[in-house]
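Visitor: What follows is a structure written as structure tokens; I'll ask about it next.
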Amino acid sequence: THFGFEDVALGDKQGRVNEVFHGVASRYDLMNDLMSGGLHRAWKSALITELNPPRSARRFRLLDVAGGTGDIALRTLKAGGQGVHATLFDINPSMLEVGRQRTDAAGFGQRVDIVEGNAEELPFPDASFEAVTIAFGLRNVPRMQSALDEARRVLVPGGRFFCLEFSKVDMPVLNRVYDLYSFKVIPGLGRMVAGDGEPYRYLVESIRRFPPPEELAQMMRRAGMSRVSYTPFTGGIAALHSGWRL
Ligand code: SAM
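Once you know that position 138 of the sequence shown is 148 in full-length UniProt numbering, the rest is easy, because the numbers rise by one and skip nothing.
As structure tokens, this is what we get:
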């Protein structure tokens, strides 16, 4: 049995998403490694390489939307120089709490702001960030176009947006394997590690329902982003989209 997401109103969707992440926050990083077989690490590394934070003291303010436990913020701070500042932004206080512990433990407390809120309505003035990222977050946001509009609004002219997200597998054999994996293995792992498979079944659904790469690119252009491009990773299991505010 699936959650039947098509029938769930947008407000209910957010409520359910919040329950899922509240429930798994303390085990989120472990689940991520198990479910992606560690692949999410390679995809995140590729994102940081593209983001290319300055190694100098030049100011570089990153907003990581749906930043959860802080992977992207931490990696950006580690890769860049003293001018890098990260705002870890998420709707879920349980995920942010783990993020705060991790960034403090890594010694970056001074250069991280933790802000709770909704990606659909960012509590920041226009043109506040050199870069905005959202990794495995957009598919959870009920009004995706609003989240993209907002990302564009808070970027400085010349700033860059990245979305890393699961995508459409475009290889026939991998496709079958991936289907089996998503519908059998992932809920099973969820049951074992988090005690409940149902939330993971929901996450698999949300991946199926996410727009294919060209459609997402079109939504980014609609949000006013320029030079939009994307790169598929691992046969299309994930994709990295990029757009500029010019
Ligand atoms: N970016 C992190 C990473 O790559 O590991 C976390 C990704 S996690 C799969 C998705 C995150 O999206 C959760 O922390 C969840 O709370 C957050 N989220 C869901 N809906 C949101 C919304 N409307 N606004 C902001 N964050 C949201």
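Backbone N, C-alpha and C fix where the C-beta goes; we use that ideal spot for every residue, glycine too.
Keep in mind that this is a model prediction, so the values were computed, not measured.
(1) Kindly give me the distance between the Cβ atoms of leucine 87 and arginine 121, rounded to whole angstroms, as I take these residues to be in contact under 8 Å.
(2) According to DSSP, simplified to helix, strand and coil, what is phenylalanine 15?
(3) Between which two residues does the beta strand (DSSP E) carrying glycine 168 extend?
(4) Using the rule of at least 16 other Cβ atoms within 10 Å of the residue's Cβ for burial, across every protein chain shown, is valine 214 buried or exposed?
(5) Return yes when the Cβ of tyrosine 188 is within less than 7 Å of the Cβ of proline 197, no when it is not.
(6) Does DSSP put tyrosine 240 in a helix, a strand or coil?
(7) Looking only at its own chain, which residues have a Cβ that is under 6 Å from the Cβ of proline 223, when we skip the five neighbours before and after it?
(8) Could you check where the beta strand (DSSP E) with leucine 71 kicks off and where it finishes?
(9) Less than 7 Å separating the beta-carbons of methionine 235 and glycine 207?
(10) Does any heavy atom of the ligand SAM sit closer than 6 Å to the C-beta of methionine 41?
(11) Here's a check: name, in chain order, each residue in its chain whose Cβ is nearer than 8 Å to the Cβ of glycine 245, leaving out the five neighbours to either side.
(12) Would you tell me roughly how many angstroms separate the C-alpha atoms of proline 119 and leucine 98, rounded to the nearest one?
(13) With a threshold of 6 Å (Cβ to nearest heavy atom), would phenylalanine 139 be considered close to the ligand SAM?
(14) Just reading off the alpha helix (DSSP H) that valine 203 is part of, what are its end residues?
Guide: Answer, in terms of the structure:
(1) Between leucine 87 and arginine 121 a beta carbon distance of about 6 Å is seen, short of the 8 Å cut, so the two are scored as contacting.
(2) Residue placement at phenylalanine 15 is flagged as unreliable, the pLDDT there being 48, under the threshold of 50; a coordinate-derived value is accordingly withheld.
(3) Glycine 168 -> beta strand (DSSP E) spans 165 to 176.
(4) By the 16-neighbour rule on beta-carbons within 10 angstroms, valine 214 is buried.
(5) Going by C-beta atoms, proline 197 is not nearer than 7 Å to tyrosine 188.
(6) Strand at tyrosine 240.
(7) Same-chain partners within the cutoff: Ser177, Tyr240 and Ala249.
(8) The sequence shown places arginine at residue 71, rather than the leucine named in the question. Its beta strand (DSSP E) spans residues 70 to 75.
(9) No.
(10) No, the ligand SAM has no heavy atom inside 6 Å of this Cβ.
(11) Hits under 8 Å: Val179, Asp180, Met181 and Leu184.
(12) Before going further, note that residue 119 is glycine rather than proline in the sequence given. So the two alpha carbons sit approximately 11 Å from each other.
(13) No; taking the cut-off as 6 Å, the Cβ of phenylalanine 139 has no heavy atom of the ligand SAM nearer than that.
(14) First-last of the alpha helix (DSSP H) with valine 203: 196 to 204.
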